[in-house]
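See below for the structure under consideration.
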Amino acid sequence: MFKPIIALLFITTIFVIGTAFIPQDISESIKRGKEVYELSCQNCHMENGEGMPDVNPPLAKADYLKKPLAELINIVLKGQSDEIVVNGKKYNTLMPAMDYMDDLQIADALNFIRNSWGNKSPGTVTPAMVKALRQ
Ligand code: HEC
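See below:
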């Protein structure tokens, strides 16, 4: 009488463990990230990630994107106002904190910019990583 229940539990367990090992499909995240970018980042960093001279640094082919993922996540969560150098040029302007965006939106936007306009960066930003950096 309990056999079907045990079998079902067994199958469910195998399924849950199995899906945990499927690598996250970054291409879906990048696709969603394009929309997030257009809504939340494009005003300043421009359509092709080229930025605005002396005001908003570029994201396209930006050496800055090679920084650890946590630093990039923190820029979106906490803003950025100290002097930074991007591709050899100094910027000392202000990016506001955008912590009102949810974890998935921030992860998607970062996966998009790190893999667009010729950028090809290793690693995937996950919502869990964003969540862990919120205070
Ligand atoms: C209001 C304008 C504005 C918006 C909106 C904005 N940024 Fe920025 N961003 C800036 C400025 C200005 C800096 C440089 C700040 C400084 O000089 O310290 C910057 C710096 C950065 C940097 C580090 C430098 C570089 O060029 O690689 C990253 C990464 C970044 N922004 C990503 C994003 C993402 C992702 C979004 C959308 C979620 C976004 N920004 C939205 C203005 C903006």
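Here UniProt numbering is used: position 119 in the sequence shown is 119, and no number is missing along the way. Heads up, the beta-carbon is just placed ideally off N, CA and C, and yes, glycines get one too.
C-alpha of Ile-26 to C-alpha of Lys-89: approximately 31 angstroms in a straight line.
Rounded to the nearest whole angstrom, the CA to CA distance from Glu-83 to Asn-92 is 4 angstroms. When rounded, the separation of the alpha-carbon atoms in Leu-77 and Arg-32 is 19 angstroms. Here Val-86 carries a strand assignment [DSSP, helix/strand/coil]. Val-125 is not a Cβ neighbour of Leu-39, given a cutoff of 9 angstroms.
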